[in-house]
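First up is the structure itself, then whatever we jot down about it.
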Amino acid sequence: MKIICISENIENIEHFSKLFKAHFPKVQLISVTNQKAAFDLLTIDGPFGVIMIDTTMRHLDPSSVAEKLIDFTGSRPIVFFGPRTFVESRVRDIVFQGHEANQLLFFPFDGMDFKQKLENAIRWIEKEDFEQSILEVNVADYLPIKIKNFYMYDSIPYDAFLDIGNEKFVKVIAKNKKYTYTLLRQYIQKDVKNLFLYRDETIRFLESAIQMINEKIEKILSVSPLTDYNEKNFNYKALIELQIGGVTILHQVIRTIGVLDSVKRLTDNIIATSIHLFDRSENVEKVIRVFPYKEKGLAENAVLTNYICLAIIANYGWDSKTTRNKLGLASLIHDAFLTNDKIIKVYSPDDPALNEFTVEEHEEYRTHTERGANLVNYFSGYSDVDFIISQHHERPNGKGFPNHISALKITSFSAIFILANKFACNFLELWKGNSVHKVIKHIMKEMVVDFNVGNYKDPLKALEKSMIGYKH
Ligand SMILES: [Fe+2]
């Protein structure tokens with residue numbers, strides 16, 4: 078078992094090390110001097126059974142540190158130590174009482190006192206079977222699930238693991254136990270992209286997640302039908318968040334399992350609710366303003382592309398139900414075979430920006446247009462969507478890929494999608510809480526330079542027309 082000790086005092090650490098060797102030879106004591114180092118260690122080197130916190134640290138409030146660490150790691154005992162005056166004045170009752178096995182170790186103490194306090198804490202951890210949370214596994218038995226998908230729940234009926242390399246996994250979510258969003262956020266900040274579930278459980282998790290989103294969206298559609306719309310009861314942002322969550326899970330299910338009936342139902346639902354929301358917005362800028370720019374990844378890009386497509390065709394005189402649905406499907410699945418959210422900024426396989434990605438991600442990027450296009454075979458009633466998807470990285474100057482189609486050869490349909498996709502990518506990259514109008518103007522100015530040519534001209538005009546901010 079590993080125990081983490083946060084203290085700036087080297088003498089304390091040395092003293093504890095000797096005591097652990099004498100009384101708990103199997104325990105590995107790891108010390109850090111500040112909160113950030115503790116978080117780093119907990120992420121990459123966990124799990125830690127017990128946390129020890131020095132109450133005499135000048136720049137750290139021991140109670141707040143304890144709360145943050147528990148929020149991150151989940152419930153486990155904390156041993157607060159230091160002279161009685163420090164411990165009693167700096168450890169808040171509510172924090173100390175937060176765990177039945179928390180301990181106070183007052184200085185000076187003797188070996189037996191140390192042994193008894195630590196034994197109480199360690200016994201609780203052993204009872205929880207904590208030691209078994211590090212597993213040596215056959216990686217092929219597990220499947221990755223994007224960590225964002227875990228936001229949909231606060232507990233799951235499966236154990237979820239973090240891959241710490243060398244075929245070793247650490248259990249970070251225990252089945253049927255509540256986990257916090259802070260835990261997920263901390264891993265995302267550390268650039269952890271996936272947690273792993275056992276193969277069969279991955280499939281069950283994905284199926285249940287897709288079912289849950291379908292039900293939520295269908296409920297929105299049933300309580301707020303097109304004819305009975307009540308602005309006050311209609312939460313734009315919440316619906317778009319649901320659509321983004323839906324696309325994240327949609328992509329994962331497509332890659333992991335395939336195009337199930339529930340996948341088709343979810344694409345239909347997201348397309349229908351996008352049209353529903355778009356028709357109720359005065360203009361697409363209203364959608365852009367309420368759009369939740371949290372991760373700015375592939376799912377956000379898919380959903381925003383869909384809204385921009387709707388705006389372009391509304392100003393292009395082409396907004397039939399069929400056209401809206403086709404562009405909707407293209408928006409939602411065109412990047413389904415990409416796995417790294419950061420790759421949306423890459424322009425083509427020759428783009429130097431691709432160098433920062435792995436060999437596997439290069440291959441995903443090179444093939445994703447054709448693989449995405451092939452997906453359309455599984456959806457009925459969506460003719461022409463395959464070529465829109467296969468052409469979504471083409472550019473007017475012929476420097477796009479895979480077929481270098483120039484501005485004179487591209488169809489209007491593809492041109493509309495390319496413009497919408499490009500606008501969405503740029504907006505996600507450039508908007509950082511600044512003026513929406515300014516960003517739109519900036520993007521449109523750049524796009525006019527590249528796209529005011531050939532078959533892109535008229536769709537570009539329609540895009541300009543839909544951007545109120547561009548005109549002022
Ligand atoms: Fe793409």
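Numbering (this note's numbering), first residue to last: 78 to 549. Note that the Cβ used here is the ideal one computed from N, Cα and C, for glycine as well. These numbers were taken from a predicted model, which means no experiment stands behind them.
Have a look at residue i and residue j and give me their C-alpha separation to the nearest angstrom.
i	j	result
T304	H353	With a pLDDT of 47 at T304, under the threshold of 50, the predicted position of this residue should be treated as unreliable, though the coordinate-derived value follows. Whole-angstrom Cα-Cα distance: 11 Å.
Y256	T132	27 Å
K534	D218	51 Å
I87	Y424	52 Å
L343	L505	24 Å
T444	E433	18 Å
D406	V336	The identity of residue 406 in the sequence shown is Leu, whereas the question assumes Asp. About 13 Å.
G175	A251	19 Å
T382	K194	58 Å
I283	D148	For the sequence presented, residue 283 should be read as Leu rather than Ile. The straight-line gap from Cα to Cα measures roughly 26 Å.
I420	N532	27 Å
S467	H481	11 Å
G242	E213	10 Å
D187	F93	11 Å
F116	N312	36 Å
N498	I385	8 Å
D461	K403	8 Å
L507	Y370	11 Å
D240	T150	16 Å
E208	R366	Because the pLDDT of E208 is 48, which lies under 50, any placement of that residue in the model is unreliable, and the number read from its coordinates should be weighed accordingly. Each residue's alpha carbon lies about 48 Å from the other.
D418	E438	11 Å
K95	R448	60 Å
V247	F238	5 Å
Q288	I493	32 Å
H470	F456	22 Å
K293	L316	9 Å
Could you check if residue i is buried or exposed, using at least 16 other CB atoms within 10 Å of its CB as the buried criterion?
i	result
K225	buried
Y306	Interpretation of Y306 is limited by its pLDDT of 47, a score under 50 that renders its predicted location unreliable; no figure is taken from the coordinates.
T325	buried
S140	buried
S339	buried
P185	exposed
A430	exposed
P536	buried
P426	exposed
I90	buried
M544	buried
V216	exposed
G394	exposed
V156	buried
Can residue i be considered in contact with ligand 1, in the sense that its beta carbon sits closer than 8 Å to one or more heavy atoms?
i	result
T350	no
D412	yes
T150	no
L415	yes
T259	no
I421	yes
T446	yes
H470	yes
Is it the case that the Cβ atoms of residue i and residue j are separated by a distance below 9 Å?
i	j	result
E441	L415	yes
Q105	I83	no
L182	I222	no
Y275	Y228	no
V127	M78	yes
A379	L540	no
L327	I297	no
M129	I81	yes
Y235	R281	yes
T279	T350	no
H411	I331	no
S232	N253	yes
Give me whichever residues DSSP pairs with residue i in a beta bridge.
i	result
C386	DSSP lists no partner for C386.
M129	C82, V156
N503	DSSP lists no partner for N503.
Y219	Y275
D240	F246
K105	The sequence as given places Gln at residue 105; Lys does not occur at that position. Answer is K79, bridged to Q105.
E213	K245
Q263	For Q263, which the question treats as bridged, DSSP gives no partner whatsoever.
Q180	V156
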